[in-house]
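Student: This is the structure, below, for whatever I ask next.
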Amino acid sequence: DAIQILHKHERREESEMELYCGLKGVRFENIEKEIKSGFFISHVSTSDDIRVAKMYRSDQGCILHFHSSMIRSSKIPSCDVSWISPFEHEREILFARSMISPANNEKTHKEQYAWNAKVESEDGYTQMILLTWTPYDQCIQQIIQISAIWNHKIDFNLIYVALSYECEGDIKKTFELLSEFEKWKFRDNNQQKYKEKENEFVNKRCCNHNVNLFCIFLSDKYKGQTAVEHAKINTIQNCLPFTKKDKDNVLNRLYFISKRKVTTAQKTSKQFFMVNQYKALFQILNRNKDKGKRKLEKTENFSCLIDVLIKTILLSPKPCIGNRIQRQANIHHGKYVLCFGVQLHSTNVVFLE
Numbered sequence: 253d254a255i256q257i258l259h260k261h262e263r264r265e266e267s268e269m270e271l272y273c274g275l276k277g278v279r280f281e282n283i284e285k286e287i288k289s290g291f292f293i294s295h296v297s298t299s300d301d302i303r304v305a306k307m308y309r310s311d312q313g314c315i316l317h318f319h320s321s322m323i324r325s326s327k328i329p330s331c332d333v334s335w336i337s338p339f340e341h342e343r344e345i346l347f348a349r350s351m352i353s354p355a356n357n358e359k360t361h362k363e364q365y366a367w368n369a370k371v372e373s374e375d376g377y378t379q380m381i382l383l384t385w386t387p388y389d390q391c392i393q394q395i396i397q398i399s400a401i402w403n404h405k406i407d408f409n410l411i412y413v414a415l416s417y418e419c420e421g422d423i424k425k426t427f428e429l430l431s432e433f434e435k436w437k438f439r440d441n442n443q444q445k446y447k448e449k450e451n452e453f454v455n456k457r458c459c460n461h462n463v464n465l466f467c468i469f470l471s472d473k474y475k476g477q478t479a480v481e482h483a484k485i486n487t488i489q490n491c492l493p494f495t496k497k498d499k500d501n502v503l504n505r506l507y508f509i510s511k512r513k514v515t516t517a518q519k520t521s522k523q524f525f526m527v528n529q530y531k532a533l534f535q536i537l538n539r540n541k542d543k544g545k546r547k548l549e550k551t552e553n554f555s556c557l558i559d560v561l562i563k564t565i566l567l568s569p570k571p572c573i574g575n576r577i578q579r580q581a582n583i584h585h586g587k588y589v590l591c592f593g594v595q596l597h598s599t600n601v602v603f604l605e
């Protein structure tokens, strides 16, 4: 109970900490069976200093790596106890034992309150287990897809609020809502008007200026709640699981365009798609653009990725013209991200492994 009370009063929405917990002599052979995701059977002591975790792990064992979404979540109680700990240098953050509320069934708990675990890295001495809040995992791929349409210029938490709470997971509706918001920002000097009253939001723990501005837009649109009330719900109650580091990691991963010399083996492998195939695919798109519909000829070469391509192209506000695509599109297909630049000749393949 004490952890939950303190948890409600801490400004966890501003935290970008990643936490660590060392377990001596522990190693998981089958993590899905050995860890019941979403449940701590007792309280868990963590530190933002990985050296402390390594000290408790000793020479062999496992380190639990708590993603920042774990501490930002309102559903996973934790609190800073470093101010009362005799080991102040450890900067201890304590997570409470997991409980299922009588008001929620196990399915609801897994969707909103739970966390996921996966092996992040391992060697002969240490196994690193990454823990992430379940809604973060559920939304990350959709958010990357939407972010790509704006060339990753939009805040991930803004997309998260629009996708999860305003559009109920519908990517097309999210795109349309965000497009309307982007136009609204530059109309009637709305951005400057927000700056004049941003302290009203910050004093209520609404620390994300992009989300705050979006909530002003929503209050103008729906009139149901004040902008500050809407921002408080999204920031403190629903939570904003993403940090700048999350976006940086995604960009580093997606935009590692391979410049290495392509070998004959790579050219003939199933994991390599030739640029000429992209050109042919765009020619098919262009032949059908005059009717305003994306009716594609499902040839044998492209049948595996056409459905994915259609979904992304439909989200673009401008059609393909000639040999250009007006917006960059990152098409996610299996293990690959196919990055289409403005010019067709700049098309590249990004290998995620």
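Using our numbering, the first residue of the sequence shown is number 253, and each one after it goes up by one. A virtual CB, placed ideally from N, CA and C, is assigned to each residue, including glycine. On a predicted model such as this, the values are computed, not experimentally measured, just so you know.
Would you identify the three-state DSSP class for residue 510, choosing helix, strand or coil?
Tutor: Per-residue confidence for residue 510 stands at a pLDDT of 35, beneath the threshold of 50, marking its modelled position as unreliable; no derived number is given.
Student: Do residue 336 and residue 274 have their beta-carbon atoms positioned less than 8 Å apart in this structure?
Tutor: Taking 8 Å as the Cβ cut-off, residue 274 and residue 336 do not qualify as a contacting pair.
Student: Would you identify the three-state DSSP class for residue 312, choosing helix, strand or coil?
Tutor: If DSSP states are grouped into helix, strand and coil, residue 312 belongs with coil.
Student: With a threshold of 7 Å (Cβ to nearest heavy atom), would residue 504 be considered close to the ligand MG?
Tutor: With respect to the ligand MG, the structure offers nothing, as it holds no ligand at all.
Student: Confirm, please, whether the CB-CB distance from residue 344 to residue 299 is below 8 Å.
Tutor: Closer than 8 Å, so yes.
Student: When we look at the beta-carbon of residue 342 and count the other beta-carbons within 10 Å, is it buried (16 or more) or exposed?
Tutor: Flag for residue 342 reads buried.
Student: Just reading off the beta strand (DSSP E) that residue 346 is part of, what are its end residues?
Tutor: Element bounds for residue 346: 344–347.
Student: In this structure, what does DSSP give as the bridge partners for residue 369?
Tutor: According to DSSP, residue 369 bridges with 383.
Student: Would you say residue 265 and residue 415 are within 8 Å of each other, going by their C-beta atoms?
Tutor: For residue 265 and residue 415, no; Cβs fall outside 8 Å.
Student: Please classify residue 371 as buried or exposed, where buried requires at least 16 other C-beta atoms within 10 Å of its C-beta.
Tutor: Residue 371 is exposed by the Cβ-count criterion.
Student: When the Cα atoms are used, what is the spatial distance from residue 317 to residue 407?
Tutor: So the alpha carbons of these two residues sit roughly 24 Å apart.
Student: Please report the distance separating the alpha-carbon of residue 368 from that of residue 421.
Tutor: Whole-angstrom Cα-Cα distance: 20 Å.
Student: Mind checking residue 312: buried by the 16 CB within 10 Å criterion, or exposed?
Tutor: Classification for residue 312: exposed.
Student: Helix or strand or just coil, what does DSSP make of residue 272?
Tutor: If DSSP states are grouped into helix, strand and coil, residue 272 belongs with the strands.
Student: Hey, residue 426 and residue 398 are a contact pair by Cβ (cut 8 Å); roughly how many whole angstroms apart?
Tutor: Sure, about 6 Å apart at Cβ, within 8 Å.
Student: Per DSSP, which residues does residue 317 bridge with? Please list them.
Tutor: Beta-bridge pairing links residue 317 to 272, 382.
Student: From this set, 386, 339, 438, 377, which residue's C-alpha is nearest residue 323's C-alpha?
Tutor: The residue with the shortest Cα to Cα distance from residue 323 is 386.
Student: List the whole-angstrom C-beta distance separating residue 396 from residue 502, where the pair is believed to meet the contact cut-off of C-beta under 8 Å.
Tutor: About 6 Å; that satisfies the 8 Å criterion.
Student: Is it buried or exposed, residue 327, if we count other Cβ atoms within 10 angstroms and call 16 or more buried?
Tutor: With 16 or more other Cβ atoms within 10 Å, it is buried.
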